[in-house]
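Remarks on the structure that follows.
Chains as they are written, first to last, in the working numbering: chain C, -8 to 1119; chain E, 154 to 659.
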């Protein structure tokens, strides 16, 4: 290939384009001015004219006087033209009709003006013609419409095989000049199937059909739309249909296993619990790896305010990601979710896109008569359980533990010396057996109702929707999570289609009531002979002993420690756009989000044993109020034009964003009665536990330039300059960029001619940089906080150095992730079989580390940039196949697969750094270094381990922990089958993950203590006397050597198990009721369905659930629902 | 321009071409502005003021009030958490004594940290909370010393007092660090880049620094007790003894000299305190721990509303049910057996109290007596007891021991008997130097029990630790087995600072 002539051509082309732009801008402004000037002219009036052979100019003057309409024309066009006219009380329209009936002129009413042109060309085209200075002989005109007859603006209209092309205007009109009348006109636009039509003078209306192949489905991208066919970026998408098939309340859960490169784990099955989201792996050693969430163009929180919230342990999964803010977006309102992964797709978000972007677009109204949709679901949720020891197994274990320790169980609560108080053996009814999982982890009801009303005219569309959801907590007692939402979207467009305004809003209120503690751990560890929960009189049974003291902690005391979390979430967005001229648009989005939570946790007298109820201060309540206010404004200018054989898209925009977070956590104590416990005024003492006030500001300028040549070659360039208030004054700003390109090689003649079975083929590549500022606010400042003392020290205030930003580094900078990606797409059999393979390599450098410091510095860490490099590579594959498709039966299959790998590539001077003990070059982040487990030492009955020389040792040191394990997944994906037979539709979705996990169950609580455990405690052989070769060490009640060995075992490789699983994530069976029957009830469509989530899991993981891998946090629930959907 | 085919506008369409061009220009300027605005204005836009909940580190030494508040913050942190929070100042009276022979831990306790201290079985993964907390406090002291030295806007008297307090506290924390861990890194700056690679400094050098800081502090600190503004003094009778003063520095210095065998200096410093009868006198047993008692040299004022001292909350059983996992200790038979017959300190209701359940009697420390929550306690004036840090009784014992070592046996016996007579005991029967040293060690055991780890440190510094803890001794009774290396706690920081070395045995 010789590039020289091409680049010259491009150069001159650019110069011409510039002229073209200037010209068209002037012209547009000109038209605009006319419209404005004339806006004050007279209103509509009737015209009466009696002219004979009068100069046209005079006639125009007359009409203007009577109607107020001005005339715009070219002198030469009407020179010498004289007409005769005779109209009485006619409208302007009919007057003009008569007037121009026999003239070689056409006219057009533009606002308050009549524009006159030579008949063969329009006014505007004349100018364009002038601009192009192209000689024309045949013009092709037409209008492009959608199936509903609405104009499609910005559609590309090309004379096939030439560089002659244009785009349609706001009303869908186009004009192509100089067209050979034997040529073919090609019309293409995103989201519609291409259409080819023979050239002729006036084609008239051309209707396009919405694309049905996966390749041509519309994808939302930042500030625009695209299709898989034309995209350069790596974008995954989940549609409303897929979301609606899943009975879930956090939209993130609908994405699990659906999108290659996206790994989601549900940390907790608690209503509103946490969800971990990683797009193409973890990029940061220490700092946030959360993706950016954008809801209808407005940035949305990825984390709740953990610091001032109460319920984080319950709702996050202890030490987990905290409550997920996405719980407060109704899945039923979502039109689509797009997941942007590579540099091309994410660079436009600059600093915020390093960890990928999740775009959530809510539903809007569509043109058509009013439609009411109602969807009602009712179902039930279950918690998975494991098998535990029976009472006899448990008692045998305990008794043996006492023998081993040389201790005697006693019923005396004050037993000392060798007798040890053991109510589970000596006081409780040892013939009792309770399956505490069954007792404490209950099934829960699930109700979901969504209703919406929508419709619209060509210029105005609306949608108003509401929903109600109620989920039981899955614990005993009257606990549930109720949500209500109101969602609306209004779109209005001016008559000339140039001005568009879209207002959307969602308001969600959530009242989540839960016991104050997750009962999962209690359910798993409570001795099976523990007493009954309730006395016969309905009060809690405390199983009092002879001294009147309780012998156990009744787990249901948590039911008397109430927790409620009331959240309201308001999302509002306004989008305005104005088309200055075909292709040139100015727009701005305005977004606002207010996420507020009010939490309350309190203890009642019933929650403590009777003996303790007299203690002052038992009645106390903990309150937390948090709000996060986010607003953003994004003004943009976009321009689309044709250059040569291709189209240029230019976008320039800016973002202003501000997040204000405020939180307060306080405790009231010393209430005299439970009745007023929710009233802080009634508390004798109020203690402020923590407060938060922070402001985050963000500003950016961005631009994107896309050029598509002949639908074959695509190039995308983005550049962005970002500023974040999270950095010190010297490092506020940083530049990011990306380059992406795609080659649709199937459009090449060579391929078309020789590989006709290949209907589609594309190669794409991108490279670019994105950044990360997820370090929290004000971290560059060294600050002191007020200590909130209940009693001021010496009566005056106290300040304390902030635990995390006491040591501060004013010079840290943006973390940068360089993303590289290659992908290839194939379509076979008319795109019915689509294959896609992508390789991505993301390298994050200049890592912003909470650089671990030795405690001698006074702190455990400081934020600083470190030249460590983390690499995430992934192979992503997907396959979509329409196996069969006809009127009665259709079957489609899709499969996606991701092979990720995370690696610390480089860490200069690691050995001498504070990270030497926690990360290893060449290993993934979060690598677990564990000593090798050697089972039970037959001599001592204690667990033993291999030291670094391979010799057995009872107390391995850090140096012996030299076996490396990672719990990151090594392969994951999903497999979907959709079948339809006549009116019955069946969807099956399997999710699979190959990974190692930790299982604390076996080594969590030491066998022999007063805790129940997995049945394996009893089933596997355990050490009883010297010489025994066993897999479980000696039972013990509380011997420190035994518990130390237990703790060591739980951090050895014995606690690392295979946690791979295949889960039948979703089953949806629906039956569409026959139309004929529905008509009687004025129902347009209706279907009934069954849906199931997490229905079945195949795994060798020994704990409750391989996904959250916890024995203390409720695992993801299994949900079964029956539902009905109807449209009126 | 010639490409633009000119369409003449008739007069009846009132358009001024010049206006048109102005409009075009204005539009262009507008668009340019929209785009350029973020470039020019954004720096100002993204700069935010600090949170309203914080004070900038650079601003705290700009005014008396904030500078005082920083030191108040240290005192608050020291008293904030109770004995069960490993690493707090109050927890010295629990965890270190768990390691020694003073306490018996309830046998149903499964808390692994408590068990590890109790059974002298701290592994390499010992929690290291004392280390981390004390170095965090030391950071604040270092930053304060730097900030106060550089400050220009403070009242000189306030600046001097605060500097003295900061140096005093730095010495105080290092004293505990060397006694818990042996050789420790000596961080004397707030600059983490210097501190991050520190190696352990020999114990002697750390002590030198402690002496130097305390000597400075003694010179800087006020010769009485100051009110909260650090300008006005209290009268001797109303003094809130909640900030270290000159005598606190002398008292700690006396202890440090005793620990480092500089007996003459110890005598001098202890005498400075003992001789100041305006402020200090031995008080009746049950008045010792009252707030601002004449026994007190330095006390910490409790800061949690509704309660008095954290020690009372922890050691005293709130119900008659005896020890629980929240109040899990009682005095060991070894300690109870050590009290001589007639010792008033062992009388229930004085410094001990007990509860009998069935046939077992549990005796617990009762030096602090106010343990019930009282919601009306919201100001210092409503408090009855303050947490004792330095008291006169110890000074008598320090001086007695130092005098014994200097062979001034008569004075030594007099000082020892001052403590004994308050406890209702007759004078000591010890006559030789050896006997007196043993009698003083014994007296310290029964006088200073459940206070700040005195017993554990005494056992170690007098070389008695292996005999007391070792074979057949305290550790075995506690269900563990003694290794002499357990006398020093393990250092966790070695994972983060490669320059550090671990104590032997871990």
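Quick reminder that beta carbons are idealized off the backbone N, C-alpha and C, glycines included.
- Name the residue from C:739, C:241, C:376 whose alpha carbon lies nearest to the alpha carbon of residue 319 of chain C. C:241
- Candidates C:90, C:782, C:799, of which the one nearest residue 462 of chain E by Cα: C:782
- Task: Enumerate in chain order the residues of its own chain whose CB-to-CB distance from residue 333 of chain E is below 7 angstroms, with the five nearest sequence positions on each side excluded.
- Result: 283, 642
- Spatial distance of residue 106 of chain C from residue 61 of chain C (CA atoms): 8 angstroms
- Item | Continuous beta strand (DSSP E) assignments of at least 3 residues falling wholly in the region 200 to 235 of chain C | 209 to 212, 215 to 218, 226 to 230
- Grab the span of the beta strand (DSSP E) containing residue 1122 of chain C for me, first residue to last. Chain C is shown from -8 up to 1119; residue 1122 of chain C falls before or after that span and cannot be answered.
- residue 423 of chain C: buried (16+ other C-beta within 10 angstroms of its C-beta) or exposed? exposed
- 8 angstroms Cβ cutoff, residue 284 of chain E in contact with chain C: yes
- At a Cβ cut of 7 angstroms, what residues of the region 333 to 349 of chain E count as close to chain C, listed as they run along the chain? 338, 340, 345, 348, 349
- Taking just the CA atoms, how far does residue 1097 of chain C sit from residue 233 of chain C? 24 angstroms
- Query: DSSP on residue 301 of chain C, reduced to helix/strand/coil?
  - Reply: coil
- Task: State yes or no: is the C-beta of residue 520 of chain E within less than 8 angstroms of the C-beta of residue 603 of chain E?
- Result: yes
- Message: Beta carbons nearer than 8 angstroms to chain B: which residues of the region 710 to 721 of chain C have them?
- Response: The structure shown contains no chain B; its protein chains are C and E.
- Query: In three-state terms, what does DSSP make of residue 737 of chain C?
  - Reply: helix
- Task: Apply the 10 Å Cβ neighbour rule to residue 431 of chain E and answer buried if 16 or more other Cβ atoms are within range, or exposed otherwise.
- Result: exposed
- Query: Rounded to the nearest angstrom, how far is the Cβ of residue 573 of chain C from that of residue 158 of chain C, given a contact under 8 angstroms?
  - Reply: 6 angstroms
- Message: Can you tell me whether residue 986 of chain C is helix, strand or coil according to DSSP?
- Response: coil
- the region 572 to 586 of chain C in contact with the region 617 to 628 of chain C per 3-pair CB rule at 8 angstroms: yes
- Item | Cα-Cα separation between residue 247 of chain C and residue 226 of chain C, rounded to whole angstroms | 15 angstroms
- Item | Residue interval of the alpha helix (DSSP H) (run including residue 366 of chain E) | 356 to 373
- Counting only runs of 4+ residues fully inside the region 503 to 568 of chain C, write out the alpha helix (DSSP H) ranges in chain order. 511 to 516
- Task: With a threshold of 16 other CB atoms inside 10 Å of the CB of residue 744 of chain E, please say whether the residue is buried or exposed.
- Result: Residue 744 of chain E lies beyond the range of chain E shown here (154 to 659); nothing can be said about it.
- Under three-state DSSP, which class holds residue 297 of chain E? helix
- Item | Option nearest residue 1049 of chain C by Cα separation, candidates C:1015, C:957, C:273 | C:957
- Spatial neighbours of residue 434 of chain C within its chain, please: CB distance less than 6 angstroms, with the 5 preceding and 5 following residues excluded, ordered by chain position. 371, 373
- Item | Every unbroken beta strand (DSSP E) within the region 787 to 859 of chain C, with a cutoff of 3 residues, ordered by chain | 790 to 792, 806 to 819, 824 to 836, 838 to 843, 852 to 857
- Query: Taking Cβ-Cβ distances shorter than 8 angstroms, what residues in chain E pair up with residue 631 of chain C?
  - Reply: By Cβ distance, chain E contributes nothing, its closest Cβ being about 16 angstroms from residue 631 of chain C, past 8 angstroms.
- Message: Please tell me whether residue 324 of chain E has its Cβ less than 8 angstroms away from any Cβ of chain C.
- Response: no
- Message: Please tell me whether residue 463 of chain E has its Cβ less than 8 angstroms away from any Cβ of chain C.
- Response: no
- Item | Per-residue contacts from residue 292 of chain E into chain C (C-beta, under 8 angstroms) | 792, 797, 798, 848, 849, 850
- Item | Neighbouring residues, chain E, relative to residue 412 of chain C (Cβ below 7 angstroms) | 261
- Message: Classify residue 1087 of chain C: buried if its beta carbon has 16 or more other beta carbons within 10 angstroms, exposed otherwise.
- Response: exposed
- Item | Sub-8 angstroms separation of residue 181 of chain C and residue 132 of chain C beta-carbons | no
- Query: What in chain E is Cβ-close to residue 786 of chain C, meaning under 7 angstroms?
  - Reply: 381, 533
- Cα-Cα separation, residue 862 of chain C to residue 955 of chain C: 18 angstroms
- Query: Shorter than 8 angstroms from the beta carbon of residue 957 of chain C to some beta carbon of chain E?
  - Reply: no
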